[in-house]
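Data block below; observations after.
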DNA sequence: AACGACAAGATTGTCGACAATTTAGGTTAT
DNA sequence: ATAACCTAAATTGTCGACAATCTTGTCGTT
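Chains as they are written, first to last, in full-length UniProt numbering: chain A, 1 to 221; chain B, 1 to 221.
Following this line, the structure appears as structure tokens:
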């Protein structure tokens, strides 16, 4: 499930991961006030580590904090989703461009293999693809960019927000097969070492994806 | 100088701003180990606030931290610069695109006014333009995107790193007049409400800028 | 001489307590 | 009845001390 597993070494790490998980999965609903003392008793750790965890969540844009007042879980909105996907389009487009330049042929072979394995699943209508498979695909391209800033912003920052929107809107829609074809074309562009095309296709792909999730948002709000 | 002045309310804020300033301006050189106890005595605050400041700097990618070991100021390298400008190209390109869509006509008028005032300065060879004027221009377009994620990533994150490269390489080169013309064209595209063109011109502008600073880097290393 | 184990020192991570600020409630005056 | 002010409770911000981990230098073994 979690491809690049970040392992918790310190106590703050554990609190951070747990808190992030609970927020992304909606156990702690959007808009909730995060009380430091409350969380410290709940997690059985000192307030300092909870505080540090909340600070990190703030850096991810998962919570908003006001000095001397406290932190709240961000609230989801159509505008927020649109802004998020605009940034995604920009960054992942660049990631695809760079991946076309910097991925090793070995990595490209593996990316094709991933796509083929997913092809079977799509045919068999196992909708496993939608969640994990899509993530895996995008994740590999992001890593393929070999740009540490890009990787950090997307993997540590945006993707958890994206997941938060997806999970809390109960995404499991169609768009499986069409998205698969889009993935195929992107991989082809990367295989041909065509940065411009790869970027353009990735940007389109994310725009489509945005429109799809946006429609759901309209319904569920 | 600092257009949008972030005001320090808490003690950690002050430590954060001060530390960031000293790092960006090279008072604390790249690669330096940041000792929490040392800084806490130097700044006359508790270790907790220094710790929080360092955490925030880590979120900005200004320092790198390893658990149980400590934090170091990032070291500047040609590769790091290239990666930074790739992200800048991506994000500011999108910012220009969105600015063409979302800036108010009032804001566009003011942007033109800024450009005209800088035009005089360029003619008079006041090289004030290079630093503050360039920043001001880019800053307004970023804000004009009206995308909070974009704004936060660029203003709170990348720009301090960009300044760090500029300051520590003693940027004051030519490229004043050519950059000015590029700015003019970008504003024109925004005035015409042409998102595609605005994005493309901004991306080019940043690419040129990258090549310029990159050349200096080769010389000074 | 090189390598590994061990111990001392220093640094980071965590904790509970105190200080400062905000919020909520109630009282009073217009 | 409304608004302003004040008081008390709760929450966040800051501090110094203790615990855990890493680093460094020394010693002993091969």
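Beta carbons: idealized from backbone N, C-alpha and C, even for Gly.
Within-7 Å CB hit, residue i to chain B
i                      : result
residue 150 of chain A : yes
residue 12 of chain A  : no
residue 55 of chain A  : yes
residue 86 of chain A  : yes
residue 59 of chain A  : yes
residue 215 of chain A : no
residue 179 of chain A : no
residue 67 of chain A  : yes
Residue i (DSSP reduced to helix, strand or coil)
i                      : result
residue 8 of chain A   : coil
residue 169 of chain B : coil
residue 77 of chain A  : coil
residue 133 of chain A : helix
residue 146 of chain A : coil
residue 26 of chain B  : coil
residue 44 of chain A  : coil
residue 264 of chain B : Outside the shown range of chain B, which is 1 to 221, sits residue 264 of chain B, and nothing can be said about it.
residue 103 of chain B : coil
Proximal chain A residues relative to residue i, where beta-carbon distance stays under 8 Å
i                      : result
residue 7 of chain B   : Residues of chain A passing the Cβ test: none, with the nearest at roughly 10 Å.
residue 147 of chain B : 83, 86, 87
residue 98 of chain B  : 86
C-beta contact flag for residue i and residue j at 7 Å
i                      : j                      : result
residue 31 of chain A  : residue 75 of chain A  : yes
residue 84 of chain B  : residue 147 of chain B : no
residue 39 of chain A  : residue 71 of chain A  : no
residue 25 of chain B  : residue 167 of chain B : yes
residue 67 of chain A  : residue 15 of chain A  : no
residue 58 of chain A  : residue 202 of chain A : no
residue 161 of chain A : residue 142 of chain A : no
residue 306 of chain B : residue 158 of chain B : Because residue 306 of chain B is not part of the residues shown, which for chain B are 1 to 221, the question remains open.
residue 152 of chain B : residue 94 of chain A  : no
residue 113 of chain B : residue 198 of chain B : no
residue 73 of chain A  : residue 23 of chain A  : yes
residue 36 of chain A  : residue 50 of chain A  : yes
residue 108 of chain A : residue 191 of chain A : yes
residue 212 of chain B : residue 55 of chain A  : no
residue 9 of chain A   : residue 111 of chain A : no
residue 29 of chain B  : residue 217 of chain B : no
residue 81 of chain A  : residue 165 of chain A : yes
residue 182 of chain B : residue 205 of chain B : yes
Chain-ordered chain B contacts of residue i [CB-CB under 7 Å]
i                     : result
residue 15 of chain A : Going along chain B, no residue has its Cβ under 7 Å from residue 15 of chain A, so there is no contact; the nearest lies around 14 Å.
residue 52 of chain A : 55
Interface flag, residue i vs chain A, CB-CB below 7 Å
i                      : result
residue 91 of chain B  : yes
residue 94 of chain B  : yes
residue 71 of chain B  : no
residue 189 of chain B : no
Contact set between residue i and chain A, taken where Cβ atoms lie within less than 9 Å
i                      : result
residue 200 of chain B : Chain A residues near residue 200 of chain B: none, gap ~12 Å exceeds 9 Å.
residue 103 of chain B : By Cβ distance, chain A contributes nothing, its closest Cβ being about 15 Å from residue 103 of chain B, past 9 Å.
residue 164 of chain B : Under the 9 Å cutoff, chain A gives no residues; its nearest Cβ is about 14 Å from residue 164 of chain B.
Per DSSP, the bridge partner or partners of residue i
i                     : result
residue 71 of chain A : A:34, A:65
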